[in-house]
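Note that the sequence shown covers residues 81 to 309 in my numbering.
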Amino acid sequence: MSIAENIKSLKKETELIHVSLIAVSKTKPVEDVLEAYHTGQRLFGENMVQELVEKYEQLPKDIQWHLIGHLQSNKVKYIAPFVSMIQSVDSLKLLQEINKHAEKNNRIIDCLLQVYIADEDTKFGLGFDEVIELLRSEEFAKLGHIKIRGLMGIATNTDNEKQVKDEYYELKTFFDGIKQSFFRKDDAFDTLSMGMSADYKIAVEQGSNMVRLGSTIFGKRIIKHWKNN
Ligand SMILES: *Cc1c(COP(=O)(O)O)cnc(C)c1O
């Protein structure tokens with residue numbers, strides 16, 4: 081199936097159940113993004129700052145770009161003028177840096193806190209206790225140019241569906257608790273981003289309302305990086 085056909089069928093599937101679809105275009109050329117764009121898709125995700133900036137510059141300006149990969153503090157300035165959401169916030173220090181550059185750009189930037197749920201060393205994210213500590217901190221209370229919209233998590237990359245299900249169940253339960261404790265009167269805390277191509281159906285069953293799909297839409301990624309650097 082073509083990119084356009086893939087995205088049309090996934091959009092139908094996700095819209096019916098009120099799940100947002102982020103088309104993850106990392107490593108894929110702008111032509112592929114445009115093919116998806118012309119079906120009406122506007123939410124796209126990238127995991128590298130340089131690639132995100134280059135695609136932003138070349139593509140229609142009504143695309144809403146989500147950063148979904150690890151973000152170094154010194155690179156926030158490149159995306160702060162235009163990024164729609166940063167899903168990969170994994171420290172207070174990074175949040176403070178995002179806040180600083182959002183203020184410079186006269187913006188409020190939507191963020192998700194990335195929570196560590198996988199049984200792997202390689203995944204970035206905050207532990208449950210660290211999320212609570214961050215939200216309770218005085219430093220956090222001072223940040224007027226970021227908006228926490230919810231949480232994001234990546235399950236273990238495994239064929240063990242029970243494990244994936246348990247990890248997403250845990251994050252959904254945690255999300256509900258955080259909503260109750262810190263954002264009860266805040267309607268904007270509404271996003272639980274869980275699910276990639278291999279596991280999005282499980283994630284949605286467990287309560288995800290935002291999925292991040294790459295290979296299901298654009299096909300397998302052959303090269304690791306878009307550019308040779
Ligand atoms: C690459 C990536 C995805 C999409 O992966 P697929 O398996 O191709 O759907 C989703 N989330 C994050 C954080 C990613 O880095």
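Positions of the beta carbon are idealized from the N, C-alpha and C atoms, including for glycine.
Here the structure is a predicted model, which means the values were calculated and not measured.
Flag residue i as yes when its Cβ comes closer than 8 Å to any non-hydrogen atom of ligand 1, and as no otherwise.
i    : result
Q144 : no
G125 : yes
R229 : no
G205 : no
I276 : Residue 276 is actually Met in this sequence, not Ile. Yes - ligand 1 has a heavy atom lying nearer than 8 Å to the Cβ of M276.
G257 : no
K106 : yes
I148 : yes
L321 : Because the chain here runs from 81 to 309, residue 321 falls outside it and cannot be looked at.
S168 : yes
I83  : no
R264 : no
T296 : yes
I159 : no
I234 : yes
R187 : no
R301 : yes
At what residues does the beta strand (DSSP E) containing residue i begin and finish?
i    : result
V291 : M290 to L293
A103 : S100 to V104
L147 : Q144 to L147
So the alpha helix (DSSP H) residue i belongs to, where does it begin and stop?
i    : result
F255 : E241 to F262
W89  : Checking the sequence shown, residue 89 turns out to be Ser, not Trp. Segment I83 to L96, the alpha helix (DSSP H) holding S89.
V169 : No alpha helix (DSSP H) contains V169, which is instead part of the beta strand (DSSP E) from M165 to V169.
F124 : Unbroken run through F124 is the beta strand (DSSP E), L123 to E126; no alpha helix (DSSP H).
H181 : L172 to K184
K265 : Note, K265: premise wrong, no alpha helix (DSSP H); not H, not E.
I159 : V156 to I159
D112 : V110 to Y117
A283 : Y280 to E285
Q32  : The first residue shown for the chain is 81 and the last is 309, placing residue 32 beyond what the model contains.
F162 : Premise fails: F162 is in no alpha helix (DSSP H) and is neither H nor E.
E218 : E218 to A221
May I ask you to list the residues that DSSP assigns as paired with residue i?
i    : result
K227 : D190
V195 : L206 and G233
L272 : L231
Suppose contacts are defined by Cβ-Cβ distances below 9 Å. Is residue i in contact with residue j by that definition?
i    : j    : result
I234 : L90  : no
F220 : L151 : no
A146 : R292 : Contrary to the premise, residue 146 reads as His rather than Ala in this sequence. The answer is yes: Cβ separation under 9 Å.
V113 : S100 : no
Q194 : K245 : no
A160 : I178 : yes
F255 : G230 : yes
Q167 : L206 : no
A84  : E126 : no
A182 : I228 : no
L132 : I102 : no
L223 : L174 : no
E250 : I197 : yes
S288 : Y248 : yes
V110 : K135 : yes
V156 : K180 : yes
Quick check: is the beta carbon of residue i nearer than 9 Å to any beta carbon in chain C?
i    : result
S171 : Absent from the structure is chain C; it holds one protein chain and no more.
Given 8 Å as the limit, tell me if residue i has its C-beta closer than that to any heavy atom belonging to ligand 3.
i    : result
V291 : This structure lacks ligand 3; its bound ligands are ligand 1.
For this session: Would you be able to state if there are at least three C-beta pairs under 8 Å between the stretch 179–195 and the stretch 137–145?
Result: no
Exercise. Is there contact between the stretch 216–236 and the stretch 266–280, where contact requires at least three CB pairs shorter than 8 Å?
Worked result: yes
Exercise. Taking three-plus beta-carbon pairs below 8 Å as touching, is the stretch 196–213 in contact with the stretch 279–289?
Worked result: no
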